[in-house]
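Notes for the one structure printed next.
In the working numbering, the protein residues as written are -8 to 910.
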């Protein structure tokens, strides 16, 4: 073989190796992969990078955007060509090209250069499709309904406890429209909103795989529309659109003997739709909702977001959503008014896990209880055979009575599913407009297959629970050598999933309301597990739409009810409303998102000004305080921490965060004003609550001392003594917690920051005191509302899951360094405490996957780390005397000194395997 041939062969082999020096992956637009229905004129673009090398940083990029895939393949970006931009920025780059047009699809790709002088290949092509940017883009589509609600019934903000003026259900309509496609289809897109919820079909097939669309909102201010690519569902010739509507939160029917938490009535169900059909010859046509659509009542005879769903299969009209159906007996749709429309930007709700019964038990009255084994937000899927008219009622519950039957006392009832058979072989049914939280299902009117059936009842061939949640991408994983912590992770994760809908709810059954304190207190716990940035931004819009004229952000958003029990304590609590201030800052810290600060700055200012009007000598005493702390009475309003402590501490923290945001937004006068007011609040707080002799705040509760430390209210010379008092209180209570919904996150943070994760370990490692261990010992499969898993309250609740954050930041050691943004500066500091011997934790950050895997033996401590390209990290190793640190792959690192007795090293991107050998 000639030298030339050998060289050529080696050269060809080397091309993919060189090309892999740096690679662009995971292109996102507005936090989503290839989204459709974007209604932002300057969407934010981001990407991640991969490289087999260490210490790789991006130094430049070039983005191409085209309206044509053909142009992009030729490397032509006629819509936007950034040329080479010398910048390390790889997240939150705002589009600045030509004007984006409604409904248009754009194709984009990019390449980057790194600090070694390598250039990447062009990335794979990504896309985004624009939505409808203004009312004219709806092409005169109209809101249509089966009937118009009387004005006397409309109530967009009912007061709790008011008696019904009337009792009646409403028609749950279905709509249909025939249309003809006359040419070869290039692309077809549907834009639709249906209130409260809709299910759309084309030619008899469901459109999309989402559920409970669209996301619920403050409907007097806005409604969301959803965009679908329906190209594959259309055909040349006759086509038919079908739409079914449910009530959702848009209308809660006042039907006796069906549970309701509230009585909101924005209107009867309605819909609006535009289907754009684009042809290969460059022309297009639109199918729009108007009076030409036909409507009739559907087989759904009851729809209540709290009370359940009833379905009568005998009312089905076969082929109703197919072309050729005879709709002569249907009436024309009624034109109605509707709210402002915006695109749904968060992920939809979808079906995930499927659960079958672990046990099926006969109970009294010839009924059966199915144990699905997991408490979750879910719907049912029923497969049944029986006679026409056989009626099955299925009652969901979290808990059982002593006799084995279900109870709904803790979750609100009566709430149930009803199905009436048509007697046509095997019948399969799923509810379309109702979900709830349950583990158990009690069946009346049918017998499980294989069981004795003397009364010839309908036979249930299968009954499943289908878990539903927001489809936010999973970005975190945790496992450790401690089985209780692994179970605790699952416990909390199920409560997060069960309450992550289009709103972060408190529970999936009794209330389903967006209580706001969870957003800032549980936000980091959610962020380590799910890419929830769009959902957090949606929550900010719900807050803006719910904010009162006086500036108050109520405790729930969207605000569907005005709670007056106990005065305004369930409407005006700073620990809740402060999510309006803290969430934009957390979006910046976690995702590098600055736009939320800009967009919601007026809302933020109005709320902080409102708090100022409520303060008495800078002290805020209204609201709920440290809700559900562990006092001598049943849980509820703060018992151990006096009113004023938590509210004022949050107020001070709000002001310090606002100072930072104003500085970042170059609002210097505002920053100065917030800084000066914070000084006054801090002085007033310490004058009122700090005992200089005992070094305790207020009653010396865990919440009081921890919040004072975390918020920076404690003078530096007193900080150690206050933390020591916190630890002493925990130890004196046999390592038991007392802090509640508001205080516990700060207890964990203060202990972690003070190097006392051993205390955190001890607090959360037993089952004989209230906490996660006790909940698991009592059989809970999702986090409960009360620390002691009381059977009188919710057993699937979101609010107390703060330990999740420490499982990642403490055991996994994955944290942000001070002043880091979006984890571009990482702090790796695993807490090797208690009986832990190993852990494996990962988090797919905005820059890429950060992972740690560690194992401790008698001879060494091994730590494997992955640091994403374009980021750096400082690693802290446990303090062991007489030890030697090696990197097993000979990767370079630099000594960063000793801190609190721990060895620190600085590393760049890449994979590392450190071996700390004990001598």
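Even glycine gets a Cβ: it sits at the ideal position worked out from N, Cα and C.
Exposure of residue i, with buried meaning 16 or more beta-carbon neighbours within 10 Å
i	result
residue -4	With a pLDDT of 39 at residue -4, under the threshold of 50, the modelled position of this residue cannot be trusted; read the value that follows with caution. Exposed is the call here.
residue 332	buried
residue 349	exposed
residue 126	exposed
residue 409	buried
residue 730	buried
residue 159	exposed
residue 319	exposed
residue 891	exposed
residue 157	exposed
residue 556	exposed
residue 538	buried
residue 85	exposed
residue 774	buried
residue 645	buried
residue 562	buried
Helix, strand or coil at residue i [DSSP, three-state]
i	result
residue 297	coil
residue 708	helix
residue 59	coil
residue 421	coil
residue 363	strand
residue 7	Residue placement at residue 7 is flagged as unreliable, the pLDDT there being 44, under the threshold of 50; a coordinate-derived value is accordingly withheld.
residue 609	coil
residue 483	helix
residue 75	coil
residue 676	helix
residue 723	helix
residue 531	helix
residue 802	helix
residue 229	strand
residue 564	coil
residue 687	strand
residue 525	helix
residue 656	coil
residue 572	helix
residue 243	coil
residue 439	strand
residue 508	helix
Whether residue i touches residue j by CB criterion (8 Å)
i	j	result
residue 411	residue 380	yes
residue 207	residue 233	no
residue 622	residue 637	no
residue 263	residue 493	no
residue 932	residue 69	The chain is shown only over -8 to 910; residue 932 falls outside these bounds and no answer can be derived.
residue 799	residue 469	yes
residue 909	residue 878	no
residue 298	residue 250	yes
residue 896	residue 862	no
residue 694	residue 641	no
residue 515	residue 465	no
residue 573	residue 527	no
residue 583	residue 837	yes
residue 869	residue 893	yes
residue 443	residue 375	no
residue 788	residue 497	yes
residue 785	residue 402	yes
residue 594	residue 571	yes
residue 48	residue 12	no
residue 371	residue 385	yes
residue 808	residue 865	yes
Enumerated in chain order, which unbroken segments of the alpha helix (DSSP H) with a length of 4 residues or greater are wholly contained in the stretch 834 to 902? none
Three or more C-beta pairs under 8 Å: does that hold for the stretch 722 to 730 against the stretch 652 to 669? no
Beta strand (DSSP E) runs contained entirely in the stretch 87 to 152, provided each spans 3 or more residues: 96 to 105, 117 to 121
Please specify which runs of the beta strand (DSSP E), each continuous and at least 3 residues long, are wholly inside the stretch 368 to 426, giving them in chain order. 382 to 388, 407 to 411, 418 to 420
At which residue ranges does the stretch 13 to 37 contain complete beta strand (DSSP E) runs of 3 or more residues, listed in the order of the chain? The beta strand (DSSP E) runs lying completely inside the stretch 13 to 37 and spanning 3 residues or more are 14 to 20, 27 to 29, given in chain order.
Is the stretch 101 to 119 in contact with the stretch 129 to 148, if contact means three or more CB pairs nearer than 8 Å? no
Should the stretch 276 to 293 be regarded as contacting the stretch 436 to 452, the criterion being three or more beta carbon pairs within less than 8 Å? Output reads no: the stretch 436 to 452 does not touch the stretch 276 to 293.
Would you check if the stretch 164 to 176 and the stretch 217 to 226 touch, i.e. whether three or more CB-CB distances between them fall below 8 Å? Short answer: they touch.
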